[in-house]
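Counting from 1415, one number per residue, gives the positions in the sequence shown under this note's numbering. Taking it in order: structure first as structure tokens, then the write-up.
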Amino acid sequence: MMRRLLLASVLLLAGCIQPKPLDDFGAAPPFQLTDQAGRPFDSRGLAGHIWVADFIYTTCTGPCPMMSQQMHQLQQSTAQEMADVKLVSFTVDPSHDTPPVLAEYARHFAVDAARWSFLTGAQPQLNQVGLGFKLNTVDGSLSHSTRFALVDRRGHIRGYYMTSEDAFMPRLMHDIRQLER
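Here is the structure:
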């Protein structure tokens, strides 16, 4: 009897504990760029969606392929239960990463084009996006952050995730689920 009462108490308390609210790092920057199919892509199209952003370039031999593989994993992990989660990869090499180059790169990672977009545009526009995310500049140096940024349905940045950390993917998935609720 005492065990049942204790178990009931634990379950009752567990139902009352709310997850810690995610931080709010401010609004994601607005942008108008071009996707891998050559179509205009406006950040307003992401309104009402949870989305994850990263910065890569297609000729990178360092972290970019790993980051794109992690985005692919995120695409797969969210496909069934959270199919409205969007993924956005911004290039830091717009002089090379044209829509056809991005399209070929996207094919390599089996991109679901309805959910994952690779974006390019003029360097000053991409620089404003990188600065707006507080991640990096797009200044021709090809240096960039290896963090993912999580954006909520209202367009606010709610978390940053270092892709080189072992536990980042479970933490990111947890936070996406929390925003889904």
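Even glycine gets a Cβ: it sits at the ideal position worked out from N, Cα and C.
- In the DSSP assignment, V1565 falls within the unbroken beta strand (DSSP E) covering R1561 to V1565.
- Under the Cβ criterion (8 Å, minimum of three pairs), the stretch 1438-1454 counts as touching the stretch 1568-1582.
- Counting the other CB atoms within 10 Å of its CB gives A1467 a total of 16 or more, which places it among the buried residues.
- If you look at V1466, you'll find it in the beta strand (DSSP E) that goes W1465 to I1470.
- For L1488, the enclosing alpha helix (DSSP H) has its first and last residue at C1478 to T1492.
- Under the three-state reduction of DSSP, P1444 is assigned to coil, being neither helix nor strand.
- Within a 10 Å sphere around the beta-carbon of D1589 sit 16 or more other beta-carbons, which makes this residue buried.
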